[in-house]
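To start, the structure itself, in structure tokens.
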Amino acid sequence: MRHPDWGDERNLETFGRDFGPHGHEYTLDIAFDGPISPDDGMIVNISDLKPLLKTALEPLDGQFLDVGHPQFATQRPTAENIALLLWQTLPHSVASGTLRRLRLQESRRVRVEITPHTMKTSRTYEFAAAHRLFAPQLSDEENFGRFDKCSNAAGHGHNYNLEVTVAGAPDAQTGFIILPQKLDAIVDAEIYARFDHKHLNVDCPEFRDLIPTSENLAKVIFEILSARLKNDGFELAKIGLHETQKNYFEVEAGDLQ
Ligand code: NI
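What follows is the structure, given as structure tokens:
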């Protein structure tokens, strides 16, 4: 990933380790909606879709995109720009189906989503924290009745997975909605500094009068990140919080109004 008008130093500063040649195994996910055709009982027949996908994907597959595809002579091959190219290349109407959503997964941590009216990028982070589910107005016995072992007096821990989704258009120069290093630095300053390797009940003033369930943690994280990103000129669309493999919580913009 390289901006041709910039020197190596500025490229390295902007794109970090994405600056040098490297590869991804991208996964494309597209969704159509529409009426079910009475002829074949389908919205879109996969046989109709396959050649269209082949036409869209073949020029990208196995290429060194910076030099191997004309689109990226002038644009950076970020997941945002690749997703936009696919959104423009793929037909939006196939049989009785209309293209409603395109997702491009670049890596386990990075995904871009396009719908007719929005574009979003998501990055995933992990942090560890301890908590005790405990309502101060209840007795220890009542707390154990309600929260069971989650009310263990010394607490217990989770490795939380946090997915941060930012909405917007890619920057014309960098090709990113938000530079990865920028979002990493914000999550570092606002989330890791507050909560990573902390006991939420003991160390974190946010939970002095708030039970640190993942509902409340998700709400607190959304409010902190939303305010910080807004201050920096970005729009937080959603956060998703995996407490365990079984338990997931999310807050979308508008949910807390
Ligand atoms: Ni827990």
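Under numbering that gives the first Met the number 0, residues 0 to 256 are what the sequence shown spells out, in order. We put the CB at the ideal spot given by N, CA and C, even for glycine.
Exercise. Is GLU125 near the ligand NI, with its Cβ less than 8 Å from a heavy atom?
Worked result: no
Problem set entry | Contact between the stretch 97 to 109 and the stretch 24 to 44 (3+ Cβ pairs under 8 Å) | yes
For this session: May I ask whether a heavy atom of the ligand NI can be found less than 8 Å away from the beta carbon of GLU242?
Result: yes
Exercise. What residues does the ligand NI have around it, judged by CB closer than 6 Å to any heavy atom, in chain order?
Worked result: HIS130, CYS149, HIS155 and HIS157
Exercise. Can you give the Cα-Cα distance for ASP147 and GLU125, rounded to whole angstroms?
Worked result: 26 Å
Exercise. Hey, GLY174 and GLN70 are a contact pair by Cβ (cut 8 Å); roughly how many whole angstroms apart?
Worked result: That belief does not hold up - the Cβ atoms of GLY174 and GLN70 are roughly 11 Å apart, past 8 Å.
Exercise. Is DSSP giving GLN87 helix, strand or coil here?
Worked result: helix
Exercise. By DSSP, does LYS245 sit in helix, in strand, or in coil?
Worked result: coil
For this session: Return the CA-CA distance between THR164 and LEU132, expressed in angstroms with no decimal places.
Result: 28 Å
Exercise. Can you tell me where the alpha helix (DSSP H) with GLN260 in it begins and where it stops?
Worked result: A question about residue 260 goes unanswered here, because the residues of the chain that appear run from 0 up to 256.
For this session: With a floor of 3 residues, list each beta strand (DSSP E) that falls wholly inside the stretch 65 to 115, ordered by position along the chain.
Result: 96 to 104 and 109 to 113
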